[in-house]
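Counting from 1, one number per residue, gives the positions in the sequence shown under the UniProt record's numbering. Glycine is no exception: its CB is placed at the ideal position from the N, C-alpha and C atoms. None of these values were measured; they are calculated from a predicted model. This report refers to the structure that appears directly beneath it.
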Amino acid sequence: MSLASVRAFLAENAPDIEILELETSTATVQLAAEAHGVAPGQIAKTLAFRIGDRQVLVVASGDARFDNRKMRDAFAGKAKMLDAETVLALTGHPVGGVCPFGLATPLPVYCDASLKAYDEVLPAAGEVNSAVRLAPARLAELVGAEWVDVCKTPEIA
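The structure is reproduced here in structure tokens:
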């Protein structure tokens, strides 16, 4: 169902975007970067967090590391990553295929400024071997994301 929900979302909102399905797993940033022939930073990882009583998705550059202080400042509370079972239940996507498209539950989506370093990024597309290619601005626009700065800069990562 995960890939199907992403297909349905893209068919309705961005029919020009092709889902790339590979024979190999792209479940980690490194695997995805190698499989797609791009820098790890171009892989747009989507992580789910709980802040107080709310859950959010944050999409960031694959090589970016989250900064606890920036997260706390941006979201006015301590962010805790959700476990795989909760992520699957909330998003409908398995860990390794989590993306902000075709979600099982409406969730606020935030895009980290680290994505802006690239003309094109590759978020997953609902499965551990699927992705899409698009500009960071288009990604944010498609999912109604708000831009935040919650990652460490590469020099201090």
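N- and C-terminal bounds of the beta strand (DSSP E) containing residue i
i: F101; result: Counting along the chain, F101 falls outside any beta strand (DSSP E), and DSSP gives it neither H nor E.
i: R54; result: 54-61
i: A44; result: 43-51
Residues bridged to residue i [DSSP beta-bridge criterion]
i: D112; result: V148
i: residue 165; result: One cannot answer for residue 165 here, as it falls past the ends of the chain, which runs 1 to 157.
i: T26; result: DSSP lists no partner for T26.
i: L122; result: I43
Extent of the continuous alpha helix (DSSP H) to which residue i belongs
i: F9; result: 2-13
i: F75; result: 68-75
i: A140; result: 136-143
i: A79; result: A79 -> not in any alpha helix (DSSP H); beta strand (DSSP E) instead, spanning 79-81.
i: V87; result: 84-91
Proximity winner among the options, relative to residue i (alpha-carbon distances)
i: G77; options: V29, V121, Q55; result: Q55
i: L122; options: R138, Y110, P94, S5; result: R138
i: G144; options: V59, L47, P15; result: V59
i: E120; options: A44, R7, C151; result: A44
i: K152; options: A135, E21, A140, D67; result: D67
i: V38; options: A48, T26, F49, T46; result: T26
i: L22; options: W147, G102, A35; result: A35
i: E141; options: P108, A79, A48; result: P108
C-alpha gap between residue i and residue j, whole angstroms
i: I156; j: A64; result: Note that I156 has pLDDT 47, beneath the 50 cutoff, so the model's placement of it is unreliable and the number below is only indicative. Cα to Cα, I156 sits roughly 10 Å from A64.
i: S114; j: G41; result: 8 Å
i: E127; j: L31; result: 14 Å
i: L57; j: A89; result: 13 Å
i: Y118; j: V95; result: 24 Å
i: M81; j: A74; result: 15 Å
i: S2; j: H93; result: 5 Å
i: I17; j: P100; result: 14 Å
i: G97; j: K116; result: 21 Å
Residue environment, residue i, which counts as buried when at least 16 other CB atoms sit within 10 Å
i: P15; result: exposed
i: A125; result: buried
i: P106; result: exposed
i: M71; result: buried
i: N129; result: buried
i: G62; result: buried
i: G102; result: buried
i: T24; result: exposed
i: D112; result: buried
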